[in-house]
Amino acid sequence: MRYNLIAMYKKQLGASMINTFENKLTIQFKKDYDVEYINIELLENEIEDFFYVISKEYVLIKNETMEEFDPKKVGMSLEYHLGNLDKEQEVRLRETIEKMDFIEGYTIVLTKLEKEDEEKIEVEISKLDSLFQRMDEIIKIKNGIESLKDLSFRKGIEKYNELTQQFSDYKGKIEKDIISLRMADLKKEVRSINDTILEYSKVLNKEIKFNVEGLNINIDKLIFSKIKKHIVDLLFNSLIFGIEIKQERQIYEKELNGNLYLNFRQEFNEIIMEIGDDGRGIDTEYIYMRAIKAGLLKLDKNYTEEEILATIFHPEMASTNEIEENKERDLSITIFYNIIKSLNGDIKLETEINKFTKYTVRIPIDFIVSEGQIVLINSKYFVIPKELIIRELEVEQSRITYHFQTNFYRHHAKEYPIIMIPNYIIGETEETYLQSKKVLMLNINNVEYVIFVDSIESIEEMLIRKIEDNSKLYEIFLGNVLLNNESTALVFNMKKIVEMMLGGNDGK
Numbered sequence: 000m001r002y003n004l005i006a007m008y009k010k011q012l013g014a015s016m017i018n019t020f021e022n023k024l025t026i027q028f029k030k031d032y033d034v035e036y037i038n039i040e041l042l043e044n045e046i047e048d049f050f051y052v053i054s055k056e057y058v059l060i061k062n063e064t065m066e067e068f069d070p071k072k073v074g075m076s077l078e079y080h081l082g083n084l085d086k087e088q089e090v091r092l093r094e095t096i097e098k099m100d101f102i103e104g105y106t107i108v109l110t111k112l113e114k115e116d117e118e119k120i121e122v123e124i125s126k127l128d129s130l131f132q133r134m135d136e137i138i139k140i141k142n143g144i145e146s147l148k149d150l151s152f153r154k155g156i157e158k159y160n161e162l163t164q165q166f167s168d169y170k171g172k173i174e175k176d177i178i179s180l181r182m183a184d185l186k187k188e189v190r191s192i193n194d195t196i197l198e199y200s201k202v203l204n205k206e207i208k209f210n211v212e213g214l215n216i217n218i219d220k221l222i223f224s225k226i227k228k229h230i231v232d233l234l235f236n237s238l239i240f241g242i243e244i245k246q247e248r249q250i251y252e253k254e255l256n257g258n259l260y261l262n263f264r265q266e267f268n269e270i271i272m273e274i275g276d277d278g279r280g281i282d283t284e285y286i287y288m289r290a291i292k293a294g295l296l297k298l299d300k301n302y303t304e305e306e307i308l309a310t311i312f313h314p315e316m317a318s319t320n321e322i323e324e325n326k327e328r329d330l331s332i333t334i335f336y337n338i339i340k341s342l343n344g345d346i347k348l349e350t351e352i353n354k355f356t357k358y359t360v361r362i363p364i365d366f367i368v369s370e371g372q373i374v375l376i377n378s379k380y381f382v383i384p385k386e387l388i389i390r391e392l393e394v395e396q397s398r399i400t401y402h403f404q405t406n407f408y409r410h411h412a413k414e415y416p417i418i419m420i421p422n423y424i425i426g427e428t429e430e431t432y433l434q435s436k437k438v439l440m441l442n443i444n445n446v447e448y449v450i451f452v453d454s455i456e457s458i459e460e461m462l463i464r465k466i467e468d469n470s471k472l473y474e475i476f477l478g479n480v481l482l483n484n485e486s487t488a489l490v491f492n493m494k495k496i497v498e499m500m501l502g503g504n505d506g507k
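The numbering of the sequence shown is numbering that gives the first Met the number 0, which starts it at 0 and goes up by one.
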């Protein structure tokens, strides 16, 4: 029953979620059997109900002459392409075929699937239409600029300024349209995951609630296409191994419905996902003993719970599992871990027996669509992430204090550390910087700071691109942006600047 369920589950997810290998199964029928005595339907049902079938085809026998052809006899073989087979499935397949006396023999060949182009993404036609409309509007502006030669100087200047503003507006709109092509529709994606999970919870006779949060964030389709299958695998593992049946949940005084969680959030340049359940939890002592057996930990050393649980991501752990199905589960977790690492991300496991299991995944993103506050410092444009800003204050020089080798700004009887931007970035001394006219109060890692600026400009929704230069000059920036006024600006990485301050490196 368990493998029936897994086969059904994989079939539901579709060919896009299978592994990189397949099994080509070729079945030869006995030539002396009449077609009417061959129970093809029984054979097909046995295979298609139990195994994950990618494709099926009847293949004519080669080199058969017209003289040899007999319409009453079988003149073809049956060819299946199946997903990965474990040992139990291989035994089941052999038993299925051997009990059917109209089969001459069969072969299984393991082949590697062609790798799909990872750079391809699906694009909705409506979004392309919107982009084409923007291009039409740009052409109209171009035609307007060409017509300026027929206007007087004064009217020409006015028209030129108007067209320039229109161009800036449409540039921003086109940029947003292009970005929207790259963004995954999380609501649609999670809806399909939800349908699959709920369907198989019924098969397992487990009533669950699928809790989802954060579907309004922007996540690159290329990233999500790489991790979607593995998100489903973790949820499916939670459903099978984590969520208890009703009677068991009653014993631990839990609500009868189990809870699965899939939460998304964005912390500026990182996508964070939490995947988990409120089920049995994982026995850390059991993981510890398996890690010892796998040679990942040593008996004579002490380890934190986090270090012990981190061993679950190693491929060696699968070898310590004697149950094939559990090996498949362990390997799926290892594959997910490796994919997250390939995206320069990280994954952490937390658990408590009879309480919960939670995977927290953090993936950095190369470009960000976010609102930013534009500021001027020493006549240069910079951007501060809007979500960090608490309030705006006027500068009063008498409120600036200095002690513990740090500058502070006093406001309502409380002192706030002043963020000192390195002078090699802003091109002015500390004394000049502290003569600025405006102060922004920021919340960084739940601590309040202030930053001095010459002026506070507009807030814009912007595309922030990663800076490829890894030199020290750019280490305090999240990326750069093209503003609506055609100027470029660097986006401060406030967390990095604070780290440098606390580490005693102020860039002098």
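For glycine and all other residues, C-beta sits at the position ideal for the given N, C-alpha and C. Every value quoted in this text rests on a predicted model; they were computed, and no experiment measured them.
On the premise that residue 425 lies in contact with residue 448, defined as a C-beta separation below 8 Å, what is that separation, rounded to the nearest angstrom? No, residue 448 and residue 425 are not in contact; Cβ-Cβ is about 17 Å, not under 8 Å.
Just grab the DSSP bridge partners of residue 380 for me. 375
Should residue 38 be flagged as near chain D, meaning a C-beta pair shorter than 8 Å? The structure shown contains no chain D, having only a single protein chain.
Please state the DSSP three-state secondary structure of residue 231. helix
Residue 395 (DSSP reduced to helix, strand or coil): Of the three classes helix, strand and coil, the one that applies to residue 395 here is coil, per DSSP.
Which residue from 254, 296 and 102 puts its Cα closest to that of residue 206? Out of 254, 296 and 102, 254 has the C-alpha closest to the C-alpha of residue 206.
Around the C-beta of residue 200, are 16 or more other C-beta atoms found within 10 angstroms, so that it is buried, or is it exposed? buried
Mind checking residue 389: buried by the 16 CB within 10 Å criterion, or exposed? exposed
Residue 356 and residue 281 - do their beta-carbons sit closer together than 8 Å? yes
Can you check which of these residues, 387, 393 and 416, is closest to residue 401 by C-alpha distance? 416
Which full runs of the alpha helix (DSSP H) of 4+ residues lie inside the segment 419–503, going along the chain? 422–425, 429–432 and 493–501
Just to confirm my understanding: we take residue 391, look at its own chain, exclude 5 residues before and 5 after, and list those with CB closer than 8 Å. What are they? 437, 438, 439, 440 and 455
Bridge partners - residue 96, DSSP secondary structure assignment: DSSP, once it has assigned bridges, lists no residue as partnering residue 96.
To the nearest angstrom, how far is the alpha carbon of residue 62 from that of residue 90? Any reading at residue 62 must be qualified, since the residue scores a pLDDT of 48, below 50, and its modelled position is unreliable; the value itself is stated next. Rounded to whole angstroms, residue 62 to residue 90 spans 32 Å at the Cα level.
Just to confirm the assignment, what range does the beta strand (DSSP E) spanning residue 516 have? Here the chain comprises residues numbered 0 to 507, so residue 516 is not present and cannot be evaluated.
Quick check: the segment 304–317 against the segment 235–244, are there 3 or more CB pairs under 8 Å? Segments in contact, no.
What are the residues that DSSP puts in a beta bridge with residue 274? Answer by DSSP bridge pairing, in chain order: 261 and 358.
What residue range does the beta strand (DSSP E) around residue 347 cover? 345–351
Option nearest residue 30 by Cα separation, candidates 76, 180 and 48: 76
Where residue 277 and residue 308 are concerned, what is the direct C-alpha to C-alpha distance, given to the nearest angstrom? So the alpha carbons of these two residues sit roughly 17 Å apart.
Go ahead and pull the three-state DSSP assignment for residue 159. Three-state DSSP puts residue 159 in a helix.
Excluding the 5 residues preceding and the 5 following residue 495 in the sequence, name in chain order all residues of the same chain whose CB lies nearer than 7 Å to its CB. 474 and 475
Given this structure, state the Cα-to-Cα distance separating residue 464 from residue 497, to the nearest angstrom. When rounded, the distance between both Cα atoms is 22 Å.
From residue 354 to residue 279, what distance separates their C-alpha atoms? 6 Å
Label residue 329 either buried or exposed according to how many other C-beta atoms from any shown protein chain fall within 10 Å of its C-beta, with 16 as the threshold for buried. buried
Would you give the residue range spanned by the alpha helix (DSSP H) that residue 250 belongs to? 245–250
C-alpha distance - residue 17 paired with residue 404, whole-angstrom precision: Unreliable placement is indicated for residue 17, whose pLDDT of 40 sits below 50; the coordinate value is still reported in the next sentence. Cα to Cα, residue 17 sits roughly 58 Å from residue 404.
In this structure, how does DSSP classify residue 214 when only helix, strand and coil are distinguished? In the structure shown, residue 214 sits in coil (DSSP, three-state: anything other than H, G, I, E or B).
Reduced DSSP secondary structure (H/G/I, E/B, other) of residue 304: In the three-state reduction of the DSSP assignment, residue 304 falls in the helix class.
Have a look at residue 256 and residue 275 and give me their C-alpha separation to the nearest angstrom. 15 Å
List the DSSP bridge partners of residue 55. Bridge partners of residue 55: 79.
Could you give the first and the last residue of the continuous alpha helix (DSSP H) run that contains residue 405? Here residue 405 belongs to no alpha helix (DSSP H); instead the beta strand (DSSP E) covers 405–410.
Inspect the beta-carbon positions of residue 461 and residue 480 and report whether they are closer than 8 Å. Yes, they are a contact pair.
Spatially closest choice to residue 367 from 85, 478, 215 and 501, by CA coordinates: 478
Out of 421, 428, 374 and 453, which has the shortest C-alpha to C-alpha gap to residue 394? 453
Could you compute how far the alpha carbon of residue 381 sits from the alpha carbon of residue 502? Cα to Cα, the separation comes out at about 23 Å.
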